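See structure below.
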Amino acid sequence: MKRLLLILSYLSFMLPAFANESKYIEDALQEYISGKDARIGVAVIINGKDTVSVNGNRDFPMMSVVKFPLALTVAHWINTNGMSLNDTVTFSEKAMKEDTYSPMLKKYGKSRNTMTIRELLEWSLVESDNNAADILLHRVGGTSGVTSIMRQMGISDEIVIGASEEDMHRDPYLSYLNRATPLAMAQLFDRFYRELRNTSPYHEISAMLEQCRTGLDRLAVPLLPTNATIGHKTGTGFPTPGGRISAINDCGYVCLLDGTSYSIAVFVADSGYDMTATSDIIAEISKIVWKSLTEHKKK
Numbered sequence: 011m012k013r014l015l016l017i018l019s020y021l022s023f024m025l026p027a028f029a030n031e032s033k034y035i036e037d038a039l040q041e042y043i044s045g046k047d048a049r050i051g052v053a054v055i056i057n058g059k060d061t062v063s064v065n066g067n068r069d070f071p072m073m074s075v076v077k078f079p080l081a082l083t084v085a086h087w088i089n090t091n092g093m094s095l096n097d098t099v100t101f102s103e104k105a106m107k108e109d110t111y112s113p114m115l116k117k118y119g120k121s122r123n124t125m126t127i128r129e130l131l132e133w134s135l136v137e138s139d140n141n142a143a144d145i146l147l148h149r150v151g152g153t154s155g156v157t158s159i160m161r162q163m164g165i166s167d168e169i170v171i172g173a174s175e176e177d178m179h180r181d182p183y184l185s186y187l188n189r190a191t192p193l194a195m196a197q198l199f200d201r202f203y204r205e206l207r208n209t210s211p212y213h214e215i216s217a218m219l220e221q222c223r224t225g226l227d228r229l230a231v232p233l234l235p236t237n238a239t240i241g242h243k244t245g246t247g248f249p250t251p252g253g254r255i256s257a258i259n260d261c262g263y264v265c266l267l268d269g270t271s272y273s274i275a276v277f278v279a280d281s282g283y284d285m286t287a288t289s290d291i292i293a294e295i296s297k298i299v300w301k302s303l304t305e306h307k308k309k
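Just so you know, my numbering puts the end of the sequence shown at 309, numbered straight through with nothing missing.
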């Protein structure tokens with residue numbers, strides 16, 4: 011009984027501290043975002059429980075962040091059908107679209123028509139390859155199939171996949187069919203980090219996210235010198251007729267060396283800045299969160 015009372019006393023002492031920490035981060039983000047010539051949404055979940063949200067319930071276009079929930083549905087589809095990442099997918103020459111972002115096409119041309127699911131996931135997550143993503147999307151039944159799997163998995167209906175990469179290339183504004191709220195995406199990354207990544211084949215997806223080669227000028231910037239672990243997926247939009255950028259995004263999970271972990275989703279839509287300056291906004295938001303969880307904690 012005495013031990014229980016001590017634990018309850020400790021928790022009652024710590025809870026206000028956690029709440030204050032979240033409020034400190036939220037206030038700092040609100041101040042930074044205020045007046046920016048862009049629509050910005052941020053959500054952070056600290057140690058699986060404390061939530062920070064700034065415009066966290068608003069819809070934003072995912073762009074290539076969509077490849078993360080897509081990868082999760084592929085993993086679920088593999089498990090459901092008794093398959094593995096070593097199983098192969100065969101596709102036609104037409105699946106290798108030329109006028110799209112595809113490092114895979116640059117490497118192989120149209121000479122290959124079979125790849126393992128692992129290879130396609132690596133191209134999709136590490137390099138953000140559009141052809142690889144569409145091959146996987148079609149393999150699990152297109153947008154209707156991936157939606158069905160997401161709901162079976164209990165993925166929030168605030169994460170919606172309604173267009174393929176080919177659709178979006180044909181009409182860039184179809185990218186708005188792929189949307190999410192920052193809070194729903196942060197929750198999905200939090201669930202992935204705490205539950206899914208420790209099971210097969212999700213743990214291999216985790217390794218791919220941690221090898222992500224795109225958008226290193228965003229969330230990763232303040233974390234690189236710290237040797238923190240970051241697994242993330244970026245998204246990059248298109249110039250609009252009004253001279254703005256439709257979206258620049260970065261979402262993922264972070265584990266600091268002191269054991270603190272958090273998921274973070276940052277979406278910047280309709281930006282009046284160029285690509286570099288918009289990416290800098292995400293880097294600064296990442297820095298605010300990281301510094302708040304390290305320096306502020308020490309005070």
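All C-beta atoms, glycine included, are put in the ideal place defined by N, C-alpha and C. Note that the coordinates shown come from a computational prediction; the quantities given were computed from them, not determined experimentally.
query	result
Going by the beta-carbon positions, is the gap between Ser103 and Asp60 smaller than 8 Å?	According to the sequence shown, residue 103 is Glu rather than Ser. Against a cut-off of 8 Å, the Cβ pair of Asp60 and Glu103 comes out as no contact.
For Asp97, list the residues DSSP reports as bridge partners.	Note: Asp97 sits in no beta bridge, so no partner.
Flag this pair as yes or no: are the beta carbons of Ile240 and Val264 separated by less than 8 Å?	yes
Going by the beta-carbon positions, is the gap between Lys191 and Ala173 smaller than 8 Å?	A small correction: the amino acid at residue 191 is Thr; Lys does not occupy that position in the sequence shown. No, Cβ-Cβ distance for Thr191 and Ala173 is not below 8 Å.
Just curious, the alpha helix (DSSP H) that Lys243 is in, first and last residue?	Lys243 -> not in any alpha helix (DSSP H); beta strand (DSSP E) instead, spanning 239–246.
Could you check where the alpha helix (DSSP H) with Val136 kicks off and where it finishes?	127–136
May I have the straight-line CA-CA distance separating Pro211 from Gly252, to the nearest angstrom?	43 Å
Assuming contact is defined by CB atoms lying nearer than 8 Å, are Asp200 and Glu175 in contact in what I supplied?	no
Taking the straight line between their C-alpha atoms, what separation do you get for Val7 and Arg122?	This structure cannot speak to residue 7, because the chain is shown only from 11 to 309.
My parser needs the alpha helix (DSSP H) runs of 4 or more residues fully inside the stretch 49–116; what are they?	77–90
Could you pull the start and end residues of the alpha helix (DSSP H) that Ile215 belongs to?	212–219
So does Arg223 have its beta carbon nearer than 7 Å to some heavy atom of the ligand NAP?	Looking at this structure, you won't find the ligand NAP or any other ligand, since it has none at all.
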